[in-house]
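Visitor:
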Amino acid sequence: MYVNNNKDIRKNQMEVLTDKTQKGEERPWRENKLKTLSLAKSYERIGNTRKADRVKNCSSQLIYKKDKNTGIKKLHSMISCQVRLCPMCAWRRSLKIFGQTSKIMDKALENKEYRFIFLTLTCRNVEGKELSKIIDNLFYAFKKMMLKTKVKQIVKGWFRALEVTHNLDKKSKDYNTYHPHFHVILMVNKSYFTDTKQYLSQKDWTSLWKDCLRVDYMPIVNIKAFKTNTKKEVEKSVAESAKYTVKDNDYLIVNDEKMTDETVSILDGALANRRLVAFGGELKKIHKSLNLSDIEKASVNTDSDDDVVLRDDVNYVFEVYNWNIGYNNGQYLKVKEIDKKEN
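Just so you know, we're using my numbering here: the sequence shown kicks off at 1013 and counts up by one.
1) In whole angstroms, what is the alpha-carbon distance linking residue 1173 and residue 1183?
2) Please report the distance separating the alpha-carbon of residue 1318 from that of residue 1027.
3) Going by beta-carbon coordinates alone, are residue 1045 and residue 1071 separated by less than 8 Å?
4) Got a sec, what are the start and stop residues for the beta strand (DSSP E) residue 1289 sits in?
5) Quick one: using the 10 Å Cβ neighbour count with 16 as the cut-off for buried, is residue 1036 buried or exposed?
6) Since I believe residue 1102 is in contact with residue 1260 (beta carbons under 8 Å), could you give me their beta-carbon distance rounded to a whole number of angstroms?
7) CA-CA distance, residue 1058 and residue 1280?
8) Going by the CB atoms, is the gap between residue 1295 and residue 1257 shorter than 8 Å?
9) With three or more C-beta pairs closer than 8 Å as the rule, is the region 1237-1244 touching the region 1117-1130?
10) Using the Cα positions of residue 1312 and residue 1136, report the straight-line distance between them to the nearest angstrom.
11) Just curious, the alpha helix (DSSP H) that residue 1129 is in, first and last residue?
12) Do residue 1048 and residue 1090 have their C-beta atoms closer together than 8 Å?
13) Does DSSP classify residue 1117 as helix, strand or coil?
14) Which whole-angstrom value describes the C-beta separation of residue 1007 and residue 1112, a residue pair presumed to lie in contact below a C-beta threshold of 8 Å?
15) Can you find the residues in the same chain that come closer than 7 Å, C-beta to C-beta, to residue 1345, ignoring five residues on each side of it along the sequence?
16) Exposed or buried, what is residue 1197 when buried is set at 16 or more other beta-carbons lying within 10 Å of its beta-carbon?
17) Which residues in the same chain as residue 1229 place their Cβ atom closer than 7 Å to its Cβ, once the five residues preceding and following it in sequence are excluded?
18) Would DSSP call residue 1342 helix, strand or coil?
19) Provide the residue(s) that pair with residue 1076 in DSSP beta bridges, ordered along the chain.
20) Within a Cβ cutoff of 7 Å, which residues of the same chain sit near residue 1052, ignoring the five residues on either side of it in sequence?
21) At 3 residues or longer, what runs of the beta strand (DSSP E) sit wholly inside the region 1130-1194?
22) Distance, Cα to Cα, residue 1156 vs residue 1170?
23) Spell out a yes or no on whether the region 1123-1132 and the region 1148-1166 are touching, meaning 3 or more CB-CB pairs, one atom from each, closer than 8 Å.
24) Can you grab the Cα-Cα spacing for the pair residue 1282 / residue 1143, in whole Å?
25) Given a threshold of 16 other Cβ atoms within 10 Å of its Cβ, counted over all protein chains shown, does residue 1062 qualify as buried or as exposed?
26) Where does residue 1159 land, buried or exposed, given buried means 16+ other C-beta within 10 angstroms?
27) Helix, strand or coil for residue 1298 per DSSP?
28) For residue 1081 and residue 1073, what's the separation of their Cα atoms in angstroms?
29) Under a three-way DSSP split, which group does residue 1284 fall into?
30) Would you list the residues sitting across from residue 1233 in a DSSP beta bridge?
31) Beta-carbon separation of residue 1187 and residue 1140 under 8 Å?
32) For the alpha helix (DSSP H) containing residue 1224, name the first residue and the last one.
33) Look at the alpha carbon of residue 1223 and the alpha carbon of residue 1202, and state the distance between them as a whole number of angstroms.
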């Protein structure tokens, strides 16, 4: 059962959250919480009060499970809004995507019969009013390309993630336009690189993508080997593909509420009800064999086991932190500590 440890709550309220990765890097809880409040204000201004309330309350309380002997702690639960553009949920979701993709790649790399390539599929920048329609076309084109006979013969599995960038360079001819594109990992037979009947050059991939995209220009397609010599190389390669769908500084524009609201409205509509990240073929089978949760629906409310591991038999306490906007321009402060007592 759980019992209060009777510590001085007023003293605890002045204890600011400290949460670091295994590498000693401070996790960006405060920065992301401040960004969620900025997004909530934007939703309020454009009249979406439902999402404004959800985002405003997101991550307002964090509960940690801490080992009393070592001081190591792990996020036990949090309040989350699950709004697509929420900076806090996007950060937490990106950790889940990276974690799942890394596990799948580690398993896939055990089979020496396969190699991996990294593919970036793009289209021209588009105006905000066209973004949703163009993203529809991108998904259609990707599905069509994966069904091409030549591609089906060589691609045994795939991972794809959509990214959308917003051009905010006022000197650019594409200022205030959007660039949706796919980051893709392809699983191919090891003979792919030596068998001329299987190998597709960058020119071949570009031609295929242009045909599937049904455009009258030559889209930019980038293809390169997925480096797998060391674990660090694999992690770097995974990180290149498992990116944020859209970075918060592309829609939370400093000192420009009008453009912020316009961008939030456009992206909120264009990204709604889409499967932005997906696995196919052998990589999807591995995902299932590892009993991983649906990557689009995976909970962001706890740390993954790769972040921190706490045994169930250790003595631990629960630490409760609440967001306090009135303390030092916003901080997470500890308000309660609860001991776990063995029955």
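Yeah, the Cβ is synthetic: ideal placement off N, Cα and C, and Gly gets one too.
Guide: According to the structure data:
1) Working through the sequence shown from its first residue, we reach residue 1173 at position 161. Working through the sequence shown from its first residue, we reach residue 1183 at position 171. Taking the Cα positions, residue 1173 is about 29 Å away from residue 1183.
2) Taking the first residue of the sequence shown as position 1, residue 1318 is located at position 306. Taking the first residue of the sequence shown as position 1, residue 1027 is located at position 15. Reliability fails at residue 1318, whose pLDDT of 47 lies under 50, so the model's placement of it is uncertain and no value is given.
3) Taking the sequence shown and counting its residues from 1, one reaches residue 1045 at position 33. Taking the sequence shown and counting its residues from 1, one reaches residue 1071 at position 59. Yes, they are a contact pair.
4) The residue you call residue 1289 lines up with position 277 of the sequence shown. Under the DSSP assignment, residue 1289 falls in the beta strand (DSSP E) whose first and last residues are 1289-1292.
5) By 1-based counting over the sequence shown, the position of residue 1036 is 24. Exposed is the call here.
6) Reading the sequence shown from its first residue, position 248 is the one you call residue 1260. Reading the sequence shown from its first residue, position 90 is the one you call residue 1102. About 7 Å separates the two Cβ atoms, so the contact holds.
7) Stepping through the sequence shown from its first residue, residue 1058 is reached at position 46. Stepping through the sequence shown from its first residue, residue 1280 is reached at position 268. Straight-line spacing of the CA atoms in residue 1058 and residue 1280 works out to 11 Å.
8) The residue labelled residue 1257 in the question sits at position 245 within the sequence shown. The residue labelled residue 1295 in the question sits at position 283 within the sequence shown. Cβ atoms of residue 1257 and residue 1295: not closer than 8 Å.
9) Enough Cβ pairs lie closer than 8 Å, so yes.
10) Counting from one through the sequence shown, the residue named residue 1312 turns up at place 300. Counting from one through the sequence shown, the residue named residue 1136 turns up at place 124. Note on geometry: alpha-carbon atoms of residue 1312 and residue 1136 lie some 33 Å from one another.
11) As a position in the sequence shown, residue 1129 is number 117, starting the count at 1. For residue 1129, no alpha helix (DSSP H) encloses it; the enclosing beta strand (DSSP E) starts and ends at 1126-1134.
12) In the sequence shown, counting from the first residue as 1, residue 1048 sits at position 36. In the sequence shown, counting from the first residue as 1, residue 1090 sits at position 78. Taking 8 Å as the cut-off, the beta carbon of residue 1048 is found no closer than this to the beta carbon of residue 1090.
13) Stepping through the sequence shown from its first residue, residue 1117 is reached at position 105. It is helical.
14) Because the chain here runs from 1013 to 1355, residue 1007 falls outside it and cannot be looked at.
15) Reading the sequence shown from its first residue, position 333 is the one you call residue 1345. Same-chain partners within the cutoff: 1025, 1026, 1027, 1028, 1333, 1334, 1336 and 1339.
16) Locating residue 1197 in the sequence shown gives position 185, counting from the first residue. Per the 10 Å Cβ criterion, buried.
17) Within the sequence shown, the letter at position 217 stands for residue 1229. Answer for residue 1229: 1136, listed in chain order.
18) The residue given as residue 1342 occupies position 330 in the sequence shown. In this structure, residue 1342 counts as coil in the three-state DSSP scheme.
19) In the sequence shown, residue 1076 corresponds to position 64, counting from 1. Partner(s): 1087 and 1331.
20) Your numbering for residue 1052 matches position 40 in the sequence shown. Cβ contact annotation for residue 1052 (same chain, cutoff 7 Å, sequence separation greater than five): 1064, 1067 and 1068, in chain order.
21) Counting whole runs of 3 or more residues, the region 1130-1194 contains the beta strand (DSSP E) stretches 1167-1178.
22) On the sequence shown, residue 1156 is found 144 positions in, with the first residue counted as 1. On the sequence shown, residue 1170 is found 158 positions in, with the first residue counted as 1. Inter-residue distance for residue 1156 and residue 1170 is about 14 Å (C-alpha atoms, whole angstroms).
23) In short, these stretches do not touch, since the Cβ pair count stays below three.
24) Mapped onto the sequence shown, residue 1282 falls at position 270. Mapped onto the sequence shown, residue 1143 falls at position 131. Answer to the nearest angstrom: the Cα atoms are 6 Å apart.
25) Translated into positions along the sequence shown, residue 1062 becomes position 50. Around the C-beta of residue 1062, fewer than 16 other C-beta atoms lie within 10 Å, and the residue is accordingly described as exposed.
26) The residue you call residue 1159 lines up with position 147 of the sequence shown. Its Cβ having fewer than 16 others within 10 Å, residue 1159 is exposed.
27) Here residue 1298 is taken as the residue at index 286 of the sequence shown, counted from 1. Helix, per DSSP.
28) One-based indexing of the sequence shown puts residue 1081 at position 69. One-based indexing of the sequence shown puts residue 1073 at position 61. Each residue's Cα considered, the two are about 24 Å apart.
29) Reading the sequence shown from its first residue, position 272 is the one you call residue 1284. In the displayed model, residue 1284 falls within coil according to three-state DSSP, outside both helix and strand.
30) As a working note, residue 1233 is residue 221 in the sequence shown. Answer is 1133.
31) By 1-based counting over the sequence shown, the position of residue 1187 is 175. By 1-based counting over the sequence shown, the position of residue 1140 is 128. No, Cβ-Cβ distance for residue 1187 and residue 1140 is not below 8 Å.
32) Translated into the one-based positions of the sequence shown, residue 1224 becomes position 212. In the DSSP assignment, residue 1224 falls within the unbroken alpha helix (DSSP H) covering 1214-1225.
33) Position 211 of the sequence shown, counted from the start, is the residue given in the question as residue 1223. Position 190 of the sequence shown, counted from the start, is the residue given in the question as residue 1202. Distance between residue 1223 and residue 1202, taken at the CA atoms: about 27 Å.
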